[in-house]
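Chemist:
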Amino acid sequence: PIQQEFDARDAVGIWLAAMPGRSAALPSVSRPGAPLDFHLWTPDTPMATGHYGIPVPDGTEAVTPDALLIPCVGFSPDKFRLGYGGGFYDRTLAAMAQRPVAIGIGYENCRLPLQAQPHDIAMDWIVTESGAF
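Residue numbers (the working numbering): 42 to 174.
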């Protein structure tokens with residue numbers, strides 16, 4: 042997570058420990074304007090500092106995820122999300138041959154009346170401390 046985004050790493054660590062064979066990954070910016078890459082991650086994975094100062098797994102295998110937990114700075118009732126304006130998740134979802142389930146993670150008080158842009162991609166789910174829709 043960066044800035045005030047929800048930090049799901051503890052929850053993902055618990056999810057990984059609950060059933061052997063599960064895997065998780067964290068996103069990595071290979072270069073500005075490109076889709077995100079995803080690299081295997083566990084709570085014990087060594088981390089490096091990536092683009093924009095974001096911690097990324099250090100030296101782990103790249104993978105294609107089945108589902109993405111995507112941080113929301115804000116989100117609309119029709120499941121469009123507001124991020125930090127780089128378009129990384131919209132670009133990534135648009136470029137994936139098989140689209141993963143997109144789950145926006147945010148805080149309930151960040152629900153906003155957003156106007157979606159043509160390039161915006163709606164989330165399949167939004168999850169907040171109040172529930173999921």
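For glycine and all other residues, C-beta sits at the position ideal for the given N, C-alpha and C.
Treat the numbers as computed from the prediction; the structure is a model and nothing was measured.
Going by CA-CA distance only, name the one from Gly91, Ile146, Tyr130 and Val104 that's closest to proline 112.
Modeler: The count along the sequence shown starts at 1 and reaches residue 112 at position 71. Minimum Cα distance to proline 112 is reached at Ile146.
Chemist: Tell me whether histidine 80 sits in a helix, a strand or coil according to DSSP, three-state version.
Modeler: Position 39 of the sequence shown, counted from the start, is the residue given in the question as residue 80. DSSP places histidine 80 in strand when its eight states are reduced to three.
Chemist: Give me the DSSP bridge partner(s) of methionine 88.
Modeler: What you label residue 88 is simply residue 47 of the sequence shown in a count that begins at 1. According to DSSP, methionine 88 bridges with Pro98.
Chemist: If you compare alpha carbons, which of Ala75, Ala58 and Trp56 is closest to serine 128?
Modeler: For the purposes of this step, residue 128 is taken as the residue at position 87 of the sequence shown. One detail in the question is off: residue 128 reads as glycine in this sequence, not serine. Nearest option by C-alpha distance: Ala75.
Chemist: Taking 7 Å as the cut-off, does the CB of tryptophan 82 come closer than this to any heavy atom belonging to the ligand NAD?
Modeler: The ligand NAD is not part of this structure, which contains no ligands at all.
Chemist: Once DSSP output is grouped into helix, strand and coil, what is the label at glycine 62?
Modeler: For the purposes of this step, residue 62 is taken as the residue at position 21 of the sequence shown. In the structure shown, glycine 62 sits in coil (DSSP, three-state: anything other than H, G, I, E or B).
Chemist: What are the complete beta strand (DSSP E) segments, minimum 3 residues, inside the segment 118–166?
Modeler: With a minimum length of 3 residues, the continuous beta strand (DSSP E) runs that stay inside the segment 118–166 are 142–146.
Chemist: Mind checking whether alanine 66 and phenylalanine 79 have CB atoms under 8 Å apart?
Modeler: What you label residue 66 is simply residue 25 of the sequence shown in a count that begins at 1. What you label residue 79 is simply residue 38 of the sequence shown in a count that begins at 1. Cβ distance < 8 Å, so alanine 66 and phenylalanine 79 count as in contact.
Chemist: Candidates Ala163, Leu153, Asp165 and Pro42: which alpha carbon is nearest isoleucine 95's?
Modeler: On the sequence shown, position 54 is the one that residue 95 refers to. Answer by Cα proximity: Pro42.
Chemist: Which same chain residues, not among the five before or five after lysine 120, have their C-beta less than 8 Å away from its C-beta?
Modeler: Counting from one through the sequence shown, the residue named residue 120 turns up at place 79. Within the same chain, lysine 120 has close Cβ partners Gly145, Ala163, Met164, Asp165, Trp166, Ile167 and Phe174.
Chemist: Considering only the beta carbon of each residue, do valine 104 and leucine 77 sit closer than 8 Å?
Modeler: Here residue 104 corresponds to residue number 63 of the sequence shown, with the count starting at 1. Here residue 77 corresponds to residue number 36 of the sequence shown, with the count starting at 1. In this structure, leucine 77 does not lie closer than 8 Å to valine 104 by Cβ.
Chemist: To which residues does DSSP link tryptophan 168 through a beta bridge?
Modeler: In the sequence shown, counting from the first residue as 1, residue 168 sits at position 127. Residue identity check: residue 168 is valine in the sequence provided, not tryptophan. Ile146 and Ala173, per the DSSP bridge assignment.
Chemist: So the candidates are Ser69, Gln139 and Leu57; which of them puts its Cα closest to the Cα of glutamate 102?
Modeler: Numbered from its first residue, the sequence shown carries residue 102 at position 61. Glutamate 102 has its Cα closest to that of Ser69, out of Ser69, Gln139 and Leu57.
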